[in-house]
Structures are given as structure tokens and as C-alpha cells.
């Protein structure tokens, strides 16, 4: 786990008292905002999977599979295609686009994989309880990776280095990786994709981690009521009515209705300045416009241009340090590896 | 350039004489086979671009642009999509497939980017003299990245960190990156993608770098005449008639006719066990079958199953060490960055 960055206040590291002096930290905590813990032990409590504990071997294997396009039917699409770690964990297009250049039928936007571990549910309709379950979806979805379980199992078992890596990771010389095992190690890798930011340093007690304007933005963010949904460690992740108030101007983009109760998952605001376009249907490209729309349709309040600008400044402090990722060199296919099928 | 691996014979490193004892090395050299030099100075003489010298700053910037899908019209396709550094520098499908899921109209297979710097010409019809020129092609090709020059220039100049990196790389505070500059730094990165292998150690004097079977394979490879085309440092890269003898069974795949003289670029054999399917049209998936077809259609000789197996063993020694690539975290888009267009 040495690869996860842990935020550290320079002042605190020097042994000088760096306790945030103003009442804003208290206000933020009262509003439910929580930092990514500085302590690795505390962080583990949040991100680990009791049923399948994180180990370095599983992270490394999961990373390879996350980047491996051979898991898809076409051989061209990997998890990283839509959740690109180079670009904020997203693809930067409005509707996720996969196999045969097919857009998501509900015009849904790919959510970022960074900090997805902090979300209470996965998918925009929250149908998945955790990353292990979520990872099984896009691999099999026809407009995404379009693979069958059998294809995935066949690919992985045709490549001796993958089989060996599973045996090693699970310390079982007879281990034969199945579809769920593939999703499990991909999820383990994803669990480590957390990005501590200056905002976390601030909540962890480093007053000077945020600028004056960023603090003003945070205060407005809380005062307007944004923390009703964008709260917790993830600054999002719970199911909420959408739109909660009034009309959503972009309702005609796609036909997504949320879950059976019309609830939609609140996206994280971490790294939000890197993950445009915005909303579940990717309809809005400008963050200030998005902020103002949210005020209107979720809170029934007006957010002025000046206020939106300050909230945007605060969002800048949510851009976190990304884990160090060595691009994996994947084990070669063999004559047993199924050929890609682009049809 | 510290990131390029340089092969080193363990025995030689220990100061013990490790000169290859048999006559095979001499035979190989007479056949025109040349190793990737051990000395970085010698390597530079082969890979550097006199007009645009390699520097660490250009490599790093070129790497980012190589991985940046925003250069494409759709925002979904980067150089790395078809020349994936994780999978031998190729995409693993028969015909390159890009924008709107369009296959290459001539059914041409993506050649590996690894060691492409050693090719005399670029593209299967050799129409491009070097990587700087080549890199401009796929970015603009309608079935590949489908971008205009203006799109690329607009994307790069809309992202302040890119502009800053160009200014820094070219030590010119007024530098304004144009389309050719983008291709140039991508090419600089590609120039560093060389993969020294055990075969190079062997030719560089380390007798025990190859096994007995691999040496037998190398001998058969030379004796059959394969080195007529697969020679030099690149084990390929020159223009040759195809097929040179008889008929090519897979001629009906695509309509590629080579250059105006019917010549086709000989692909490199480095990392060949990682870059299936084979031939310019990706028609053959099994390496032993490919070896036998080449004997028949290029040399007019029969290569037995046993011989093909040994040549395959020799090819295993051509799998090289890949450069260490830290996956880049790309600078965020801004409101000035053109939106992707998937149409």
C-alpha cells in the first residue's frame, strides 16, 4: 500500500502547531464533511474489503486486468477506456461509449473510478453494493466491453502468467480463476485509487492548506446546503432524488429515471475539475453552470456568478494526488487465447 | 534516457570472458544481423533525431500526448489505443479499428511502436520517412483518430500545462505549439521505445544468453534465408516485394497492394511473440504457421514443423525488456478545450 499518497501538512510535519484556527473546520465537520484519513490504518478501515483483503499481489494483478483490453469481446476496450486514470478516472465524453461505438442507451456518463470506494452504492441507479459487484457489470454490458463470463475466464486461463499470479495472490497452487475472481482483483485495485487533496489536509488540521478564496468557497458550499448530498469522505455517494426541486432542463437527454424510487447516486466532487462533462447525462460542460443548476434544481436556491466562482475555487482544492501507476506490461496471449471479435 | 534498459550479460558484468564461442555470431553478423548497442552513446547514434534532439523534457511531454485521447476527434482514441505499450505495442486485432469503430479500409494491421525507430520507412507502404512524419498520419486519418490539425492545435493550446511544457522543452518562452510540434514530441517519445533482448546480449558477446534450441533456431533462420529481409538492428524495416514467390493465400483479405512498385515494409521480428496476429493484413494468428508461409511465399523454401518450432524458440529470445513507463496524469481540459465529437 506504499503507493497510496497520504496527505501531510508541511507545517504539521515540522512540528509546529497547525490546527486550523477558524470555525470553518468545525462547521464543515458538523455538515458531515470528512477527510481522507492521514493514518494508513484509518484509511484501510475505510477502503479494505473484509471478505477479500487488499494485498500488494492482488493490487498488481488487478491493475493488469484493469488495463487489459483482451477481457472485452473486441479486445479493444479495457476498464481504463471509460475510467481512464490519466484523465481524472473518466473518459471525458458525455455518454459512455463502448463496443461497436455504442453509446450508453440511457446516455449515462462514466463516473470516475477515483475514490469510488467511498461511494455507498455503485452505478447511477445505485444497483450495485460495492466495487466487486460493480466491476462485473461493464465487462458484460453489450454497449461497453460486451464480453461473456466464459470469454473472460477463457482469456485469463489461456495466459499462464495470469493463472500463476492468481495462485500466488491467493496462496493456493490449485487456484483456477473464475469470472468473479477477475472482478474481485480489479475491485481491489480500484479500492486503492484514493486521492488525498489539500482539502483533506485542511480538515486534518492544516489551516494554510486552503487559500482565503477556497475557504470562502467552502463556506458558501456549506451555507447553500450542498452538503445535504455532497458529504462524507466521498463528498457524494448516497442516493438522492433528482431533481429534488423544480425541473431539470436537460431531462430530455437520455431516458434515465434513476432507481425504482427515482433516486440517483450523488457523484463525488473529488477531482471534479478534471471530470467534465457533468451530471449523470453529461449534459453540462462548464462547472460554474453546473454549480448554479444544482442550486436551482436540488436546493431551490440561487447561486450567484460570484458565489459559483468561489465554490469552483474550493473545488480546485479537491483535486487530489493520484496514486503512482506504473503502466503494466501484460503477459502475451497464447494460441489458446480466444481471438477478438469486433462484430 | 535513464529509462531505456540496456542489456548486459551477467557473465560479462562479472569480468569473466563471455565471448560467444561458436561461429554462429559471426554467421549472424555476416547475414546483416545487428544488436541494439550496449553503449548508450552508440544507441543514441541510432535513435536520435539530429533536427530535434531527444531530451528528457521532450520524452515526458511526448509520452503525455501519446497517451492523450483528447487529440482525437472523439476524445476516446490515443496513439496508445492501437499501439498499446501494455500489449507489445499493438492492439491485437487483425485490422486497425478507430473512429466510429471503422476498420482500416485496406485491412491493415497496426505495426508495433516498439523498435519502430529502427525501421527504414514507416507504414506498410513505406510512405513515411521517419516517426515525426508518421505520427501525423493516424491522428488525421478518418478511420483512426479522425482529427484535423486545427483540432489538435486547439486542444493543446487550450491546456496551459501543455503550452508550458512545450515552452520548457524548447527553452523558448514564446513557443506556441503547432501540429508538427505535437507530432515531433510524440515521435521523440517513440524513439526511446527500444527493447533490448537476450538476442542482443548474445550478439554483443554473451554466449549463454541463448539456449541451445534458440541457437539452433537462429541458425535455421539464417540458413533458410529469412535474413534477406529480416535483418539489421530492426530485424526488418526495409521495403520488399510481397509475395516474392508464388501466391499469398490470404491475398483476398483487404485490397492492399503495397507501394507503387508493389513493395511492402518488412515488419520487425522483435517481440513478435507478443504481436499477433501476423502479416500486414493480420490474417494469421499462429506464429509457426506464419513462419512456414513466409518460407513458401518469400523464399520458396519448405520449413518443416520441427524447424518452425525452433525458429519460434529463437523468436522467444527477441522478446525484449520494455522501457519503464509511469502512466501519465494528464493536465485537465479547460473551458477552451473543444468538446469531443463522436460523430
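Residue numbers (this note's numbering), protein chains in the order written: chain D, 1 to 343; chain X, 1001 to 1343.
Ideal Cβ positions, reconstructed from N, Cα and C, are used throughout, including at glycine.
Worksheet entry | Closer than 7 Å at the beta carbon, the chain X residues around residue 252 of chain D | Residues of chain X passing the Cβ test: none, with the nearest at roughly 19 Å.
Worksheet item: Quick one: does residue 1276 of chain X have its CB under 8 Å from some CB of chain D?
Response: Closer than 8 Å to some Cβ of chain D, the Cβ of residue 1276 of chain X qualifies, so yes.
Worksheet entry | Contacts of residue 1294 of chain X in chain D (Cβ-Cβ under 8 Å) | In chain D, no part has a C-beta under 8 Å from the C-beta of residue 1294 of chain X; the shortest such distance is about 18 Å.
Worksheet entry | Interface partners of residue 1066 of chain X on chain D, CB under 9 Å | Result: empty, since nearest Cβ-Cβ is about 11 Å, beyond 9 Å.
Practice prompt. Go ahead and pull the three-state DSSP assignment for residue 98 of chain D.
Written response: In this structure, residue 98 of chain D counts as strand in the three-state DSSP scheme.
Discussion item. Looking at chain X, is there any beta carbon in it that lies within less than 8 Å of the beta carbon of residue 339 of chain D?
Written reply: With its beta carbon less than 8 Å from one in chain X, residue 339 of chain D belongs to the interface.
Worksheet item: Secondary structure at residue 1127 of chain X, three-state DSSP: helix, strand or coil?
Response: In the three-state scheme derived from DSSP, where H, G and I count as helix and E and B as strand, residue 1127 of chain X is classed as coil.
Item to complete: Compare the C-beta of residue 1088 of chain X against all C-beta atoms of chain D and say whether one is closer than 8 Å.
Response: For residue 1088 of chain X, the answer is yes, since a Cβ of chain D falls inside 8 Å of its Cβ.
Discussion item. Counting beta carbon pairs with one atom in the segment 1074-1087 of chain X and one in the segment 53-69 of chain D, are three or more of them shorter than 8 Å?
Written reply: A contact exists between the segment 53-69 of chain D and the segment 1074-1087 of chain X.
Worksheet item: Just to check, is the beta-carbon of residue 1099 of chain X closer than 7 Å to a non-hydrogen atom of the ligand GDP?
Response: This structure lacks the ligand GDP, and indeed carries no ligand of any kind.
Practice prompt. Flag this pair as yes or no: are the beta carbons of residue 169 of chain D and residue 55 of chain D separated by less than 8 Å?
Written response: Against a cut-off of 8 Å, the Cβ pair of residue 55 of chain D and residue 169 of chain D comes out as a contact.
Worksheet entry | Candidates D:108, D:126 and D:301: closest to residue 349 of chain D by CA position | Given that chain D is displayed from residue 1 to residue 343, the structure contains no residue 349 of chain D and the question cannot be resolved.
Discussion item. Distance check for residue 195 of chain D and residue 231 of chain D, CA to CA, integer angstroms please.
Written reply: Straight-line measurement puts the Cα of residue 195 of chain D at about 16 Å from the Cα of residue 231 of chain D.
Worksheet item: Counting pairs of beta carbons, one from the segment 1262-1273 of chain X and one from the segment 1145-1158 of chain X, are three or more of them closer than 8 Å?
Response: No contact exists between the segment 1262-1273 of chain X and the segment 1145-1158 of chain X.
Item to complete: Find out if the Cβ-Cβ distance for the pair residue 277 of chain D, residue 94 of chain D is shorter than 8 Å.
Response: A contact, by the Cβ cut-off of 8 Å.
Fill in: Amino acids of chain X, ordered along the chain, whose beta-carbon sits closer than 8 Å to that of residue 97 of chain D
Simply 1074, 1076 and 1342.
Practice prompt. Could you pull out every residue in the same chain whose Cβ sits closer than 7 Å to the Cβ of residue 350 of chain D, ignoring the five residues on either side in sequence?
Written response: The displayed coordinates of chain D run from 1 to 343. Any statement about residue 350 of chain D would go beyond what the structure contains.
Discussion item. When you compare the CB of residue 1158 of chain X with every CB in chain D, is at least one pair closer than 8 Å?
Written reply: Not one chain D Cβ lies under 8 Å of residue 1158 of chain X.
Fill in: Selected residue, minimal CA-CA separation from residue 1132 of chain X, among X:1250, X:1063 and X:1181
For residue 1132 of chain X, the closest C-alpha among the options X:1250, X:1063 and X:1181 is that of X:1181.
Item to complete: Measure the C-alpha to C-alpha separation of residue 1236 of chain X and residue 201 of chain D and round it to an integer number of angstroms.
Response: Cα atoms of residue 1236 of chain X and residue 201 of chain D: separation of roughly 55 Å, rounded to the nearest angstrom.
Discussion item. For a test of the three-state rule: what should DSSP assign to residue 1299 of chain X, helix, strand or coil?
Written reply: In the structure shown, residue 1299 of chain X sits in a helix (DSSP, three-state: H, G or I).
Practice prompt. Excluding the 5 residues preceding and the 5 following residue 1229 of chain X in the sequence, name in chain order all residues of the same chain whose CB lies nearer than 8 Å to its CB.
Written response: The beta carbon of residue 1229 of chain X sits closer than 8 Å to the beta carbons of 1236, 1238, 1240, 1266 and 1298 from its chain, once the five residues preceding and following it are set aside; these are given in chain order.
Practice prompt. Answer with buried or exposed for residue 1264 of chain X, where buried requires no fewer than 16 other C-beta atoms within 10 angstroms of its C-beta.
Written response: Answer is buried; the Cβ neighbour count reaches 16.
Discussion item. Under 8 Å, Cβ to Cβ, is there at least one residue of chain X near residue 322 of chain D?
Written reply: Cβ-Cβ to chain X under 8 Å: yes for residue 322 of chain D.
Item to complete: Flag residue 1332 of chain X as yes if its beta-carbon sits less than 8 Å from any beta-carbon of chain D, otherwise no.
Response: Yes, its Cβ sits closer than 8 Å to a Cβ of chain D.
Worksheet item: Measuring CB to CB, does residue 1313 of chain X end up less than 8 Å from residue 1213 of chain X?
Response: Yes.
Practice prompt. Starting from residue 328 of chain D, find everything on chain X with Cβ-Cβ shorter than 7 Å and list it in chain order.
Written response: The contact set of residue 328 of chain D on chain X, defined by CB atoms closer than 7 Å, consists of 1086 in chain order.
Item to complete: With 7 Å as the C-beta to C-beta threshold (strictly closer), list the residues of the segment 175-209 of chain D near chain X in chain order.
Response: Residues: none.
Worksheet item: For residue 1152 of chain X, which residues in chain D fall below 8 Å Cβ to Cβ?
Response: Chain order gives no chain D residues near residue 1152 of chain X, where near means a beta carbon separation below 8 Å; the closest approach is about 15 Å.
Discussion item. Using beta carbons (cut-off 8 Å, strictly below), is residue 306 of chain D in contact with chain X?
Written reply: For residue 306 of chain D, no Cβ of chain X is located within less than 8 Å of the residue's own Cβ.
Worksheet item: Does DSSP classify residue 23 of chain D as helix, strand or coil?
Response: In the three-state scheme derived from DSSP, where H, G and I count as helix and E and B as strand, residue 23 of chain D is classed as coil.
Worksheet entry | Where residue 350 of chain D sits in the DSSP three-state scheme | Examination of residue 350 of chain D is not possible in this model, given that chain D is present from 1 through 343 alone.
Discussion item. By the three-class DSSP mapping on this structure, what secondary structure does residue 138 of chain D have?
Written reply: Three-state DSSP puts residue 138 of chain D in a helix.
Worksheet item: Mind pulling the beta strand (DSSP E) runs of 3 or more residues that sit fully within the segment 215-278 of chain D?
Response: Fully enclosed beta strand (DSSP E) runs of 3 or longer: 239-241 and 263-265.
Discussion item. Restricting to Cα atoms, I'd like to know which of D:215, D:141, D:302 and D:254 is closest to residue 224 of chain D.
Written reply: Taking only the C-alpha atoms, the option nearest residue 224 of chain D is D:302.
Worksheet item: So, residue 73 of chain D versus residue 145 of chain D, is the Cβ gap smaller than 8 Å?
Response: Result yes, Cβ atoms of residue 73 of chain D and residue 145 of chain D sit closer than 8 Å.
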